[in-house]
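Under the numbering used here, think of the first position of the sequence shown as -13, with each following residue one higher. Step one of this worksheet: look at the structure below.
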Amino acid sequence: IGGVLANQTRAWASDKLGVGFYRAGGYAVGFVFKPDRGQLDDRVALPKIRGQLVAAHATLGSDRAWLWLTTSEHGRLVTTCIVIAADSSVLATEVIDAPWVTGITGACAAGPHLFVPTDQGIARIELQQGSIVHTRTFAETAPFVGSGDRLALSNGCIDVQRHKDAIRLQLS
């Protein structure tokens, strides 16, 4: 994919879903793909990327991707989340100005939920009527998780990769 447009293409893939975008002439074109098939579906209707793109990240689930674009606009950082279904439809697009956004690079997806590490514990994010909503923080995880950690699902548990070690949390 890197050869589509050198230094202008970003892509992420899991076993079941891939997502990405490329920029050309001021336009951004989003795409999804099934890694086992290799065909790009470039019908993803991305919003216009305003300002200078300074960071891009995606968290992939089995049926959707959470694409995070951080831009610098007039000296201010703005993070936009685009939730993209496997069929290339956009489920939600929102500028996120919430404390939990600092942990997005360590987030993991499980079904319709996104779990984000924060200094207050693991935050659960989901879609409600087309909006990206922080529905719960698991405060009991706060002593074990920080915004700089990485989460991964494993056998009904959440693995937390921390700076110097890793632990497994079982939420009940």
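Even glycine gets a Cβ: it sits at the ideal position worked out from N, Cα and C.
Go ahead and label residue i buried or exposed: buried means 16 or more other beta carbons lie within 10 angstroms of its beta carbon, across all protein chains shown.
i, result
"arginine 50", "buried"
"aspartate 135", "buried"
"phenylalanine 143", "The residue asked about is misnamed: residue 143 is cysteine in this sequence, not phenylalanine. So cysteine 143 counts as exposed."
"alanine 31", "exposed"
"valine 81", "exposed"
"tyrosine 8", "buried"
"leucine 139", "exposed"
"leucine 53", "buried"
From this set, the options, which residue's C-alpha is nearest residue i's C-alpha?
i, options, result
"isoleucine 118", "Asp105, Ile68 and Thr127", "Ile68"
"lysine 150", "Leu39, Gln156, Leu139 and Phe130", "Phe130"
"serine 74", "Ala152, His99 and Gln25", "Gln25"
"histidine 120", "Lys20, His99 and Ala44", "His99"
Identify every residue that forms a DSSP beta bridge with residue i.
i, result
"serine 7", "The sequence shown places phenylalanine at residue 7, not serine. DSSP output for phenylalanine 7 lists Arg(-4) and Gly16 as bridge partner(s)."
"glutamate 126", "Looking at the DSSP assignment, glutamate 126 forms no beta bridge with any residue, so it has no partner."
"glycine 107", "Thr104"
"aspartate 27", "Val18"
In this structure, how does DSSP classify residue i when only helix, strand and coil are distinguished?
i, result
"aspartate 145", "strand"
"alanine 95", "strand"
"valine 87", "helix"
"serine 133", "coil"
Report, in whole angstroms, the separation of the C-beta atoms of residue i and residue j, which I expect to be a contact under 8 Å.
i, j, result
"glutamine 156", "alanine 128", "Wrong, their Cβ atoms sit about 16 Å apart, outside the cutoff."
"valine 102", "alanine 93", "4 Å"
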